[in-house]
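Worksheet: the structure to be examined is printed underneath.
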Amino acid sequence: MNLSKIIICILISFAGFSQNQLSGRIFLTDTDYDYHYITVLLKKKDSILTGSQIDSLGNYKLVKKIPSGNYKVVINHLGEKDMIIENIIVDEKDLVIDINYPGPCTYFKNKPRKCVGSHTDNIIPIVYGLPSKIMIKKAKKGKIHLGGCEVSKCDPYFFCKTHNIEL
Ligand SMILES: [Zn+2]
Numbered sequence: 001m002n003l004s005k006i007i008i009c010i011l012i013s014f015a016g017f018s019q020n021q022l023s024g025r026i027f028l029t030d031t032d033y034d035y036h037y038i039t040v041l042l043k044k045k046d047s048i049l050t051g052s053q054i055d056s057l058g059n060y061k062l063v064k065k066i067p068s069g070n071y072k073v074v075i076n077h078l079g080e081k082d083m084i085i086e087n088i089i090v091d092e093k094d095l096v097i098d099i100n101y102p103g104p105c106t107y108f109k110n111k112p113r114k115c116v117g118s119h120t121d122n123i124i125p126i127v128y129g130l131p132s133k134i135m136i137k138k139a140k141k142g143k144i145h146l147g148g149c150e151v152s153k154c155d156p157y158f159f160c161k162t163h164n165i166e167l
């Protein structure tokens, strides 16, 4: 290894040491929202310190030398009211914050959410995962709805056949 490589190495590790990072993942709790339009901001009072868009899986990463202090994280979705999480305490260490957005997960395994007009008929369970032959048969008969293989922290458990929506 020559000297210039060693120096670059030292510089990189020094830069790594002097930066703390805030990162995490946004889990969408409403399928009307789109990761594409979401921005995550770190604010101190009303001034923005740093911001980041999120990738197609909801991951965000705010890298900056953030001075220790009390901050707020603001989730901005184009055309919607901001979601503000107060009292984010930053010290020299890296922080990981996962967020359910726009609010807590409202899907419950034991009970479907209210559908249009609060009707309770024609609502079937959603089954996730690679469908077996039996599952495909049941889905064709309209007894279950196939939810696919992608599962997140917040997924619906029921499907309304009348209105074609997840509950
Ligand atoms: Zn319905």
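The sequence shown begins at 1 in UniProt numbering and counts up by one.
Note that the Cβ used here is the ideal one computed from N, Cα and C, for glycine as well.
query                                                                                                                                                                            : result
Could you name each continuous beta strand (DSSP E) segment of 3 residues or more that falls completely within the segment 95-152, going from the start of the chain to the end? : 99-101, 123-128, 145-148
Taking the alpha-carbon positions, what's the I123 to K81 distance?                                                                                                              : 32 Å
Note down the Cα distance separating K45 from V116, rounded to an integer number of angstroms.                                                                                   : 41 Å
On the DSSP bridge list, what partners appear for N76?                                                                                                                           : T39
Among the residues of its own chain, which have a CB less than 7 Å from the CB of G69, if the five just before and after it don't count?                                         : K44, V90
May I ask you to report which of helix, strand or coil DSSP gives C9?                                                                                                            : With a pLDDT of 44 at C9, under the threshold of 50, the modelled position of that residue is not reliable, and the figure given next carries that caveat. Reduced to three states, the DSSP call for C9 is helix.
Where does S56 fall in DSSP's three states?                                                                                                                                      : coil
Suppose the cutoff is 8 Å on Cβ atoms and the five residues either side in sequence are ignored; what does the same chain contact list for I10 look like?                        : Bear in mind that the predicted position of I10 carries a pLDDT of just 47, short of 50, making it too unreliable to give a figure here.
Going by the C-beta, is residue 184 closer than 7 Å to any heavy atom of ligand 1?                                                                                               : With the chain represented from 1 up to 167, any question about residue 184 goes unanswered, as that position is not in the structure.
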